[in-house]
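**Q** These protein sequence lines map, in sequence, to chains A and B. Counting in the working numbering, the first sequence runs from 1 upward without gaps. Counting in the working numbering, the second sequence runs from 406 upward without gaps. All C-beta atoms in this analysis are idealised placements derived from N, C-alpha and C, irrespective of residue type, glycine included. In this text the structure is predicted, and so the values were computed from the model without any measurement. Have a look at the structure that comes next, please.
There are 2 protein chains.
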Amino acid sequence: MTTQVQRSQADGFRPSPGSGAGVGATIYPPTRALRPTSKVLPEHARNHNRSLVLQVLYTSGPQSRADVARETGLTRVTVSDLVADLIAEGLIVELGQRADARPGKPAMLIDIHRDAFHIVGVDLSEHRRFTGAVIDLDGRILARADVERDGATGDAALALATDLVRRLLERTDTPVLGIGIGSPGVVDPLGVVRSAPNLGWSDLALQAHLAETFGLPVHVANDANVAVLAEHAASDDDLLLVKIGHGVGAGLIIGGRPVVGSGFAAGEIGHVVVGTDGGPRCACGKHGCLEAWLAAPRLAARLDAIDDAAPDAASVRDAILREAGRRLGIVLAPVVGALNLSEVVLCGPTHLLDGALHEATVDTLRTRTMAEHNRDLRLRMTEQAEDIVLRGAAVMVLSGQLGVS
Amino acid sequence: MTTQVQRSQADGFRPSPGSGAGVGATIYPPTRALRPTSKVLPEHARNHNRSLVLQVLYTSGPQSRADVARETGLTRVTVSDLVADLIAEGLIVELGQRADARPGKPAMLIDIHRDAFHIVGVDLSEHRRFTGAVIDLDGRILARADVERDGATGDAALALATDLVRRLLERTDTPVLGIGIGSPGVVDPLGVVRSAPNLGWSDLALQAHLAETFGLPVHVANDANVAVLAEHAASDDDLLLVKIGHGVGAGLIIGGRPVVGSGFAAGEIGHVVVGTDGGPRCACGKHGCLEAWLAAPRLAARLDAIDDAAPDAASVRDAILREAGRRLGIVLAPVVGALNLSEVVLCGPTHLLDGALHEATVDTLRTRTMAEHNRDLRLRMTEQAEDIVLRGAAVMVLSGQLGVS
DNA sequence: GTACGTTTGTTCGTAAGCTTTACTAACGAA
DNA sequence: TTCGTTAGTAAAGCTTACGAACAAACGTAC
């Protein structure tokens with residue numbers, strides 16, 4: 001009976017991609033979308049392979065067409081064809097023959113044309129000013145420009161941001177691949193700032209405005225969601241980035257894709273209440289919000305309130321930072337547990353975060369989650385300091401325009 | 406200057422799929438994988454479109470080839486070609502001409518051959534017994550079989566499960582599309598049970614064992630992760646399912662894809678500590694774990710301890726359930742906030758969960774998250790009761806084998 | 001120095017897959 | 001009967017990737 005069943009099954013069913021045929025080869029593919037949602041044409045496949053070639057070159061550096069073919073699994077013929085297109089478009093250049101001596105025909109090295117395009121990145125998340133930079137394809141910052149915000153909101157703030165982009169575009173003679181913007185607040189995938197109270201923006205079509213003004217591809221996302229892209233470029237795991245500044249926000253990448261959330265408000269953890277014992281009153285009216293514990297200005301104010309002359313000032317400062325870290329750990333523990341995260345990154349003022357606070361967060365996470373499951377959890381400070389949003393904006397443009405990161 | 410820049414850019418760059426060319430058309434595609442990881446061949450595209458046709462029929466029911474073409478965006482020619490293949494494989498059948506009178510040639514209705522295959526689903530998560538069922542493609546349960554576990558662990562438990570599958574396979578004469586298993590513990594994507602303390606399993610290659618034994622496609626995943634598939638079949642949003650039974654676990658679908666976690670332990674929230682005021686001692690040694698508050702046996706025991714004769718027994722019961730619900734809300738709040746979830750589903754004993762506990766969880770979530778961002782959050786009981794894991798197992802097989810759900 | 005093997009990148013022909021165009025079949029409406 | 005509409009199919013063409021074969025260019029063994 002069972003043999004009959006399996007015979008019919010084997011005849012009637014063609015296995016889907018990713019799951020080989022035959023006994024024991026069928027696996028549940030976790031990366032496959034559950035439901036196909038739109039058709040795929042050959043040109044889409046080609047675009048994917050095009051990005052794949054660029055990706056290999058981007059991460060592994062100059063190499064021959066044959067090398068790329070081996071790494072991608074495509075044939076040399078196909079790679080040559082794709083590369084020919086990409087050279088014609090100016091995205092790839094030939095660098096000359098490989099130097100080292102090997103048997104066989106010498107290889108012609110190719111690479112992404114790293115000088116062919118620049119990227120404009122802008123960070124609107126700082127409270128006091130907008131910052132921006134011209135960035136090359138490798139994420140190096142080539143030129144900077146800032147503008148003091150001076151409390152500007154609404155259209156005035158938009159004008160400041162637009163002008164900042166204009167000034168940055170004037171700083172380069174190289175074609176610009178695109179403009180990436182990290183904005184505070186809730187930003188939808190079409191680049192509409194749904195709500196950014198600090199800037200007085202609501203339903204502002206920032207992407208459309210800038211795209212029309214400058215005639216360039218524009219990508220806009222929440223600042224923390226942008227920042228996590230910069231961090232993700234270095235690793236491949238699921239990643240949570242907590243950005244602590246004037247407010248507290250997070251960016252999240254799961255399975256290689258940014259999490260946006262049902263209302264495009266993923267990562268908005270600043271007003272989640274921490275613990276069951278009250279806490280400082282928050283601007284939102286609640287008590288014990290994460291932001292009330294952890295926002296940089298509030299934390300700094302609490303530290304400043306301590307009289308340096310007092311005999312135990314140092315230990316009080318330490319206790320304050322430690323408590324803030326503990327509160328962060330309390331909020332993160334359920335998230336780390338539910339998502340089984342292996343990597344959490346902190347981003348913000350180093351003098352506040354990197355020390356007692358960081359330690360306390362680690363300790364709290366350890367004691368409040370199942371050690372067995374989260375054994376290899378890493379909690380670390382970002383190494384990108386001030387420029388993380390700018391670099392993330394560049395990654396966002398690279399990813400959106402070339403499918404590379 | 407800027408005009409020059411944009412001209413070169415427009416010439417040199419071909420927009421990637423999903424982002425149209427030209428001003429304002431470029432969007433940041435949130436569903437695109439950041440980095441292409443493997444090549445895509447035409448046959449992969451065809452398989453995708455094949456699944457797309459099946460998906461449309463599966464969800465929308467019998468219709469003509471032309472209807473499918475309109476809904477998928479593929480041409481009638483391509484749909485006819487795909488359908489011809491699928492009919493040859495026995496996955497689609499022609500049902501005869503459409504009855505209603507319309508101008509033009511009458512349509513030949515086609516549908517997924519819903520009687521051609523059955524699915525075997527098994528739930529290993531109950532403490533006292535293993536349950537299983539033969540399920541049709543629409544998720545209807547056609548036959549059941551159970552086996553008392555009687556404390557069996559290790560190889561004995563494996564033998565019980567294997568025998569249960571064998572008995573289920575004997576209950577149907579229809580070809581079996583595949584076997585789906587929901588197991589407690591941590592299960593990796595290859596169907597290896599990395600760790601299931603209750604069953605005494607560690608690194609047990611359950612998928613491989615069953616596939617070899619029965620010569621059928623087998624899919625294994627954690628019980629809560631399986632259950633959430635059943636729930637997801639009804640909606641399309643991000644979804645968190647909390648499964649409360651002997652333990653407490655969760656399953657999570659984000660962006661249409663199950664979250665697995667870095668150690669394949671996503672959803673293991675049972676041993677996250679809740680609140681900052683201690684709590685009952687847990688089997689794991691910590692105090693105030695979610696499981697210590699909420700696991701069905703412990704909750705029931707606390708309720709049973711109340712003397713029914715006592716004057717205020719009812720209100721004490723209520724307080725206990727309410728407190729448990731509050732604890733659940735406290736743990737979920739950071740997760741809901743970080744992921745901006747719109748839908749959370751509870752699954753477990755209705756008499757415990759659906760009442761004061763549920764209400765308290767909703768209240769707690771409301772007061773501990775930002776109402777503005779999570780306005781449309783729904784927290785509800787599952788409607789699938791006992792069979793959710795069995796139905797989820799069927800969805801897992803459907804999804805894995807046909808790309809349909 | 002010559003023959004041989006190796007590696008690169010290209011050319012040519014082929015197979016797969018989807019589209020456009022054009023057709024036939026079958027129906028209702030005027 | 002004629003006209004317009006809809007379903008499904010057939011033929012041709014375009015895109016895309018592949019395999020086979022080849023020439024170029026190199027090291028090495030003898």
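1) Which residue or residues does DSSP assign as beta-bridge partners of Gly656/B?
2) Which value, in whole angstroms, describes the spacing of the CA atoms of Lys286/A and Val273/A?
3) Using the beta-carbon of each residue, which ones in chain A are nearer than 7 Å to Ala773/B?
4) With a Cβ-Cβ cutoff of 8 Å, do Ser64/A and Leu109/A count as a contact?
5) Report all residues from its chain with a CB closer than 7 Å to the CB of Gly279/A; omit the five preceding and five following residues, and keep chain order.
6) Is Thr350/A close to chain B, meaning its C-beta is less than 8 Å from at least one C-beta of that chain?
7) So, for Leu341/A: in the same chain, excluding its five sequence neighbours on each side, which residues have a beta-carbon less than 6 Å away from its beta-carbon?
8) Please specify which runs of the alpha helix (DSSP H), each continuous and at least 4 residues long, are wholly inside the region 463-521 of chain B, giving them in chain order.
9) Can you check whether the CB of Ala227/A is closer than 8 Å to the CB of Ile674/B?
10) Answer yes or no: does any C-beta atom of chain B fall closer than 8 Å to that of Val345/A?
11) Using a beta-carbon distance cut-off of less than 8 Å, what residues from the region 730-750 of chain B approach chain A?
12) Asp136/A to Ser600/B, Cα distance in whole Å?
13) Does Ile306/A come out as helix, strand or coil in the three-state DSSP assignment?
14) Using the beta-carbon of each residue, which ones in chain A are nearer than 8 Å to Leu479/B?
15) Is any beta-carbon of chain A found at less than 8 Å from that of Val653/B?
16) Could you compute how far the alpha carbon of Gly652/B sits from the alpha carbon of Asp768/B?
17) By how many angstroms is the C-alpha of Leu332/A removed from the C-alpha of Ser667/B?
18) Are any of the Cβ atoms in chain A nearer than 8 Å to that of His763/B?
19) Could you work out which residue in Thr772/B, Ser607/B, Leu708/B and Ala765/B is closest to Cys284/A when comparing CA atoms only?
20) With H, G and I counted as helix, E and B as strand and the rest as coil, what does DSSP make of Gly400/A?
21) Just the chain A side, please: which residues come within less than 7 Å of Gln460/B by C-beta, in chain order?
22) According to DSSP, is Asn627/B helix, strand or coil?
23) Please list, in chain order, all residues of the same chain as Ile725/B whose beta carbon is under 7 Å from its beta carbon, the five residues on each side excluded.
24) Let me know the secondary structure DSSP gives Pro29/A once reduced to three states.
25) Does Ala629/B have its Cβ less than 8 Å from a Cβ in chain A?
26) For Pro334/A, is the classification buried or exposed, using 16 other Cβ atoms within 10 angstroms of its Cβ as the cut-off for buried?
27) Apart from the five residues on each side of it in sequence, which residues of its chain come closer than 6 Å, Cβ to Cβ, to Leu634/B?
28) Would you check if the distance between the CB atom of Pro594/B and the CB atom of Ser530/B is smaller than 8 Å?
29) DSSP three-state label for Gly325/A, please.
30) Taking a Cβ distance cut-off of 9 Å, strictly less, list which residues of the region 247-266 of chain A are near chain B, in chain order.
31) Reducing DSSP to helix, strand and coil, say where Pro739/B ends up.
32) Evaluate the contact criterion for the region 46-57 of chain A versus the region 67-75 of chain A: three or more CB pairs, one atom per stretch, below 8 Å.
33) Relative to the alpha-carbon of Ala700/B, which residue among Arg732/B, Ile711/B and Leu446/B has its alpha-carbon at the smallest distance?
34) Rank Leu782/B, Ala729/B and Asp759/B by C-alpha distance to the C-alpha of Val741/B and give the top, closest one.
35) Would Asp308/A pass as an interface residue toward chain B - the criterion being a Cβ-Cβ separation below 8 Å?
36) Please confirm whether Gly429/B has its beta-carbon closer than 8 Å to some beta-carbon of chain A.
**A** With the structure as the only source:
1) Leu646/B
2) 8 Å
3) According to the sequence provided, residue 773/B is Arg. The question's Ala does not apply to it. Val272 and Val273, listed in chain order.
4) yes
5) His287, Gly288, Ala292 and Trp293
6) no
7) Asp238 and Leu240
8) 470-477 and 481-493
9) no
10) no
11) Ile735, Val736, Leu737, Ala738, Pro739, Val740, Gly742, Ala743, Leu744, Asn745, Leu746, Ser747 and Glu748
12) 47 Å
13) coil
14) Lys39
15) no
16) 23 Å
17) 16 Å
18) no
19) Thr772/B
20) helix
21) Arg35 and Pro36
22) strand
23) Arg707 and Leu708
24) Residue confidence is low: Pro29/A scores 32 on pLDDT, short of 50, so the model does not pin down where it sits. No coordinate-derived value is stated.
25) no
26) buried
27) Gly797, Val800 and Met801
28) no
29) helix
30) Ala250, Leu252, Ile253, Ile254, Gly255, Gly256, Arg257, Pro258, Val259, Val260, Gly261, Ser262, Gly263, Phe264, Ala265 and Ala266
31) helix
32) yes
33) Arg732/B
34) Leu782/B
35) no
36) Bear in mind that the predicted position of Gly429/B carries a pLDDT of just 27, short of 50, making it unreliable; the figure below should be weighed with that in mind. Taking Cβ atoms only, chain A reaches closer than 8 Å to Gly429/B, which makes this a yes.
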